[in-house]
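Presented below is the structure to which this report refers.
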Amino acid sequence: MTEETLSGKMTEFMTALDQVKKYRELASAMADFTIIVVASVAFFAALHIIVNLLDVFYGYSFIDPGYTGVLPFYGFVVLFIGVLMGIYRVQRKMNSVRLEQWEGTLNEGTPGALKLLQETQWEKTFSDIRFAKLGFVLYGAVKVMAYWMLAFFFFGILSGVIGNIFHLSFDPISLTVIPLVLVLVLSVKDLRYRYDQVGRLDSLLWELRWFDSEFRRADFKA
Amino acid sequence: MKKLWLLLTLVVIVASEVAVLSSFHIVNTNNVSTSTWASDSTLVVISKADYAHLRVEIEIVPPVPIDQSQTTLIFPNGTQIEIPAAEHYTFSVILPSRGLSPGSFGIQCEGIDISDNHPIDVELLSNSTVFQNLYSTIDWAVPPYSRISVYWFLIQGNALINIQGHGVGL
Chain Z
6 MTEETLSGKM
16 TEFMTALDQV
26 KKYRELASAM
36 ADFTIIVVAS
46 VAFFAALHII
56 VNLLDVFYGY
66 SFIDPGYTGV
76 LPFYGFVVLF
86 IGVLMGIYRV
96 QRKMNSVRLE
106 QWEGTLNEGT
116 PGALKLLQET
126 QWEKTFSDIR
136 FAKLGFVLYG
146 AVKVMAYWML
156 AFFFFGILSG
166 VIGNIFHLSF
176 DPISLTVIPL
186 VLVLVLSVKD
196 LRYRYDQVGR
206 LDSLLWELRW
216 FDSEFRRADF
226 KA
Chain U
6 MKKLWLLLTL
16 VVIVASEVAV
26 LSSFHIVNTN
36 NVSTSTWASD
46 STLVVISKAD
56 YAHLRVEIEI
66 VPPVPIDQSQ
76 TTLIFPNGTQ
86 IEIPAAEHYT
96 FSVILPSRGL
106 SPGSFGIQCE
116 GIDISDNHPI
126 DVELLSNSTV
136 FQNLYSTIDW
146 AVPPYSRISV
156 YWFLIQGNAL
166 INIQGHGVGL
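Each protein sequence line maps, in turn, to chains Z and U. If you count the first sequence from 1, you need to add 5 to reach the working numbering. If you count the second sequence from 1, you need to add 5 to reach the working numbering.
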């Protein structure tokens with residue numbers, strides 16, 4: 006194997022590890038995303054309780070009685086801001102990952118490549134890949150659920166408007182199912198990308214395991 | 006791990022908030038929508054479970070007079086108020102909570118329909134005598150009647166009645 010080929014293979018390998026680092030950060034940011042979205046739901050519910058209490062005890066009719074069972078607009082706004090904040094947090098965490106820090110070492114040629122391989126913590130890398138895989142799938146699911154919630158609220162408001170203008174009313178099942186189907190249709194590309202990436206992470210894991218065992222054996226022989 | 010605990014706390018908070026939200030009720034009268042045309046003699050019966058707090062906003066609008074007819078409000082203590090034609094007469098009835106009241110119950114009779122799922126009620130009755138007879142014969146100190154609060158008033162004459170009621174049963 007020439008130095009050039011080795012350098013090319015190592016670049017490919019380290020880029021894949023950088024990707025894993027990013028996905029690992031995504032997995033840990035998923036918890037933040039979920040916390041932010043659930044916190045915005047808690048905030049919305051608290052706001053709804055306060056509005057209802059003011060209504061019952063002081064007679065401030067903030068809510069039209071006809072709409073108390075449906076979805077008030079401020080709920081949509083609170084959740085929308087919550088989801089946006091969650092996505093921003095995830096993006097910020099992912100962007101904070103330092104990439105291509107290995108470039109300088111790899112430029113040293115074969116000694117640099119060997120140094121990088123020796124410094125690689127294989128068990129940690131395997132664990133990171135597994136964690137990244139889980140986080141990647143869960144983040145996709147949580148994101149779809151958050152979008153579903155938003156779409157549900159949006160449809161609640163839309164059905165109120167349609168009801169007022171055309172005197173039509175949607176049943177609760179349609180109000181729940183239509184937004185879900187819409188979100189799934191709009192997320193198909195993202196879901197397919199996630200499915201492919203999980204497959205790639207799987208094969209990366211197996212390839213690295215093989216490489217690790219070969220590397221150890223070579224080390225032993227030397 | 007800290008994040009998981011935080012998430013669990015938030016989920017418990019949301020679940021509790023949803024439970025609290027389920028205790029809010031709006032007036033959903035059996036016989037009337039929130040805006041109703043009352044004629045001749047109409048009895049408005051407002052009732053609630055003792056643990057609920059109820060606030061009812063009532064607006065009475067007599068029609069523009071085409072004859073000598075008058076609209077009069079008669080309260081249980083005998084007070085009578087004559088409402089001038091086309092005037093928007095508004096008042097609130099507040100029946101406060103009497104505290105915790107464990108155990109489930111339900112009462113369904115003329116003018117009253119109270120249960121755990123439906124702790125506040127407003128009904129309009131065109132025949133006031135049946136309810137007034139019932140009201141005077143019931144022993145309000147004995148359960149289950151001791152576990153509800155009832156207030157009523159009579160509207161004599163024609164009028165448009167708007168009722169908006171909100172309650173919380175905690």
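Just so it is clear, CB atoms sit at the ideal spot from N, CA and C, and this is done for glycine as well.
Would you please state the rounded distance, in angstroms, between the beta carbons of Ser59(U) and Gly172(U)? I believe it to be under 8 Å. Your numbering for residue 59(U) matches position 54 in the second sequence. Your numbering for residue 172(U) matches position 167 in the second sequence. At residue 59(U) the sequence reads Leu, which differs from the Ser that was named. That belief holds up - the Cβ atoms of Leu59(U) and Gly172(U) are roughly 4 Å apart, short of 8 Å.
8 Å is my cut-off, CB to CB: does Glu64(U) come that close to chain B? The structure shown contains no chain B; the protein chains it does contain are Z and U.
Whose CA, out of Ser21(U), Ile112(U), Phe158(U) and Met6(U), lies closest to the CA of Thr84(U)? The sequence position of residue 84(U) within the second sequence is 79, counting from 1. Residue Phe158(U) is the option with its Cα nearest to Thr84(U).
Starting from the Cα of Ile153(U), find the closest Cα among Trp42(U), Val135(U), Cys114(U) and Ile166(U) and give me that residue. Start at 1 with the first residue of the second sequence, and residue 153(U) comes out as number 148. Out of Trp42(U), Val135(U), Cys114(U) and Ile166(U), the CA that lies nearest to the CA of Ile153(U) is found in Cys114(U).
Which class does Glu87(U) belong to by DSSP, given the choice of helix, strand or coil? What you label residue 87(U) is simply residue 82 of the second sequence in a count that begins at 1. In the structure shown, Glu87(U) sits in a strand (DSSP, three-state: E or B).
Starting from the beta carbon of Gly91(Z), find every residue of chain U whose beta carbon is closer than 9 Å, and list them in chain order. Working through the first sequence from its first residue, we reach residue 91(Z) at position 86. For Gly91(Z), no chain U residue has a C-beta closer than 9 Å to its own C-beta; the minimum C-beta separation is roughly 13 Å.
Cross-chain neighbours of His53(Z) in chain U, by beta carbon under 7 Å: Translated into the one-based positions of the first sequence, residue 53(Z) becomes position 48. Result: Leu26.
Cutoff 8 Å: Gly64(Z) Cβ touching any chain U Cβ: In the first sequence, residue 64(Z) corresponds to position 59, counting from 1. It does; some Cβ of chain U falls within 8 Å.
Just verifying my parser: in three-state terms, what is the DSSP assignment at Gln137(U)? For the purposes of this step, residue 137(U) is taken as the residue at position 132 of the second sequence. Residue state for Gln137(U) is assigned as helix, using DSSP reduced to three classes.
Can you list, in chain order, the residues of the region 91 to 125 of chain U whose Cβ is nearer than 9 Å to any Cβ on chain Z? Only Ser97 and Ile99 from the region 91 to 125 of chain U bring a Cβ to less than 9 Å from some Cβ of chain Z.
Please report how far the alpha carbon of Ser46(U) lies from the alpha carbon of Phe175(Z), in whole angstroms. On the second sequence, residue 46(U) is found 41 positions in, with the first residue counted as 1. On the first sequence, residue 175(Z) is found 170 positions in, with the first residue counted as 1. When rounded, the distance between both Cα atoms is 38 Å.
Can you list the residues of chain Z that Val49(U) reaches, using a CB-CB cut of under 8 Å? Stepping through the second sequence from its first residue, residue 49(U) is reached at position 44. Those within 8 Å of Val49(U) in chain Z number zero; the least Cβ separation is about 17 Å.
Based on Cα-Cα distance, which residue from Leu15(U), Ser120(U), Leu12(U) and Leu130(U) lies nearest to Ile166(U)? Residue numbering aside, residue 166(U) sits at position 161 when the second sequence is read from its first letter. Of Leu15(U), Ser120(U), Leu12(U) and Leu130(U), the residue nearest in Cα terms is Leu130(U).
With 16 other Cβ atoms within 10 Å as the buried cut-off, status of Gln96(Z): What you label residue 96(Z) is simply residue 91 of the first sequence in a count that begins at 1. Result: exposed.
Extent of the continuous beta strand (DSSP E) to which Ile41(Z) belongs: Taking the first sequence and counting its residues from 1, one reaches residue 41(Z) at position 36. Going by DSSP, Ile41(Z) is part of no beta strand (DSSP E) but of the alpha helix (DSSP H) stretching over Glu8 to Tyr63.
CB-CB under 6 Å to Val25(Z), same chain, minus the five flanking residues each way: which ones, in chain order? Residue numbering aside, residue 25(Z) sits at position 20 when the first sequence is read from its first letter. Result list for Val25(Z): Asp133, Ile134 and Ala137, in chain order.
Give me, in chain order, the residues of the same chain whose beta-carbon lies closer than 6 Å to that of Thr20(Z); leave out the 5 immediate sequence neighbours on both sides. Translated into positions along the first sequence, residue 20(Z) becomes position 15. Once the five neighbours on either side are set aside, Thr20(Z) has no close Cβ partner at all.
According to DSSP, is Gln96(Z) part of a helix, a strand, or is it coil? What you label residue 96(Z) is simply residue 91 of the first sequence in a count that begins at 1. If DSSP states are grouped into helix, strand and coil, Gln96(Z) belongs with the helices.
Does DSSP put Ser97(U) in a helix, in a strand, or in coil? Taking the first residue of the second sequence as position 1, residue 97(U) is located at position 92. It is a strand residue.
Around the C-beta of Tyr200(Z), are 16 or more other C-beta atoms found within 10 angstroms, so that it is buried, or is it exposed? Residue numbering aside, residue 200(Z) sits at position 195 when the first sequence is read from its first letter. A residue is called buried once 16 or more other Cβ atoms fall within 10 Å of its Cβ, and Tyr200(Z), having fewer, is exposed.
Length of the line joining the Cα atoms of Tyr63(Z) and Thr95(U): The residue given as residue 63(Z) occupies position 58 in the first sequence. The residue given as residue 95(U) occupies position 90 in the second sequence. Whole-angstrom Cα-Cα distance: 15 Å.
Return helix, strand or coil for Val32(U), following the three-state DSSP convention. For the purposes of this step, residue 32(U) is taken as residue 27 along the second sequence, with counting starting at 1. In the three-state reduction of the DSSP assignment, Val32(U) falls in the coil class.
Apply the 10 Å Cβ neighbour rule to Tyr198(Z) and answer buried if 16 or more other Cβ atoms are within range, or exposed otherwise. Along the first sequence, read from residue 1 onward, the residue named residue 198(Z) stands at position 193. With fewer than 16 other Cβ atoms within 10 Å, it is exposed.
Throw me the rounded Cβ distance for the Met35(Z) and Leu111(Z) pair, which I believe falls under 8 Å. Indexing the first sequence from 1 puts residue 35(Z) at position 30. Indexing the first sequence from 1 puts residue 111(Z) at position 106. Their Cβ separation, rounded to whole angstroms, is 31 Å, which puts Met35(Z) and Leu111(Z) out of contact at 8 Å.
Let me know if Met6(U) comes out buried or exposed under the rule of 16 or more other beta-carbons within 10 Å of its beta-carbon. Against the second sequence, residue 6(U) aligns to sequence position 1. The residue is exposed, with fewer than 16 neighbouring Cβ atoms inside 10 Å.
For chain U, find out if any of its Cβ atoms is closer than 8 Å to the Cβ of Thr39(Z); answer yes or no. For the purposes of this step, residue 39(Z) is identified with residue 34 of the first sequence, where counting begins at 1. Interface residue, yes.
If you draw a straight line from the alpha carbon of Ile119(U) to that of Asp144(U), how long is it in whole angstroms? Locating residue 119(U) in the second sequence gives position 114, counting from the first residue. Locating residue 144(U) in the second sequence gives position 139, counting from the first residue. Straight-line measurement puts the Cα of Asp144(U) at about 17 Å from the Cα of Ile119(U).
Expected contact under 8 Å - CB spacing of Ile178(U) and Ala57(U) to nearest Å: A question about residue 178(U) goes unanswered here, because the residues of chain U that appear run from 6 up to 175.
Excluding five sequence neighbours on each side, which residues of the same chain lie with their C-beta closer than 7 Å to the C-beta of Thr41(U)? Translated into the one-based positions of the second sequence, residue 41(U) becomes position 36. When the five nearest sequence neighbours on each side are left out, the beta carbons in the same chain lying within less than 7 Å of the beta carbon of Thr41(U) are those of Leu129 and Ile166, in order along the chain.
Where does Gln106(Z) land, buried or exposed, given buried means 16+ other C-beta within 10 angstroms? Locating residue 106(Z) in the first sequence gives position 101, where the first residue counts as 1. Gln106(Z) should be labelled exposed.
Should Pro107(U) go down as buried or exposed, given a rule of 16 or more other Cβ atoms within 10 Å for buried? On the second sequence, residue 107(U) is found 102 positions in, with the first residue counted as 1. By the Cβ neighbour-count rule, Pro107(U) is exposed, with fewer than 16 other Cβ atoms within 10 Å of its own.
Leaving out the 5 sequence neighbours to the left and right, which residues in its chain are closer than 8 Å to Val142(Z) when beta-carbon positions are compared? As a working note, residue 142(Z) is residue 137 in the first sequence. Arg199 and Val203.
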